[in-house]
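> My questions all concern the structure below.
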Amino acid sequence: MLKTFLKRTISKNKSLILRESKGMQDFMKLLMKQRNTGNNWTTEDIGMIKSHLIHLSLYVPVLIVFLLPFGSLLLPVLAEIIDRREENRKKEANGLSNPDIVIASL
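This is the structure:
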């Protein structure tokens, strides 16, 4: 239930979160570390992610959930929602970004 609520709310503000996170050094790299490498976040990584989330929570208050005690357990949910590669994979699966189709239609 909480995961569904977070997905819905964060998805509404995804573009704002992505735009603001571009100005933060290594935020996306740290957030996606677990998804990209399979390695767990270190205590230092979680501290850096939380410091970035403090800034982002000024724009999207629902992100405060990740700053609460045990909120770091929900960080994989945030990474899953914000992951831009998922959209690209869906487009490729539907054939929308396949260059062969674009060339053939010209």
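In this note's numbering, the protein residues as written are 308 to 413.
Ideal Cβ placement from N, Cα and C applies to all residues, glycine included.
1) Can you give the beta carbon distance from Leu381 to Val372, rounded, assuming they're within the 8 Å contact cut?
2) For Lys329 and His359, I'd like the C-alpha separation in whole angstroms.
3) Is Ser364 helix, strand or coil by DSSP?
4) Report yes if the CB atom of Ala386 is closer than 8 Å to the CB atom of Met339, and no otherwise.
5) Can you tell me where the alpha helix (DSSP H) holding Lys340 begins and where it ends?
6) With the cut-off set at 8 Å, would you say Ile317 and Ile361 are in Cβ contact?
7) Applying the criterion that 16 or more other CB atoms from any shown protein chain within 10 Å of the CB defines a buried residue, is Asp333 buried or exposed?
The relevant details are as follows:
1) 7 Å
2) 11 Å
3) coil
4) yes
5) 340–344
6) no
7) exposed
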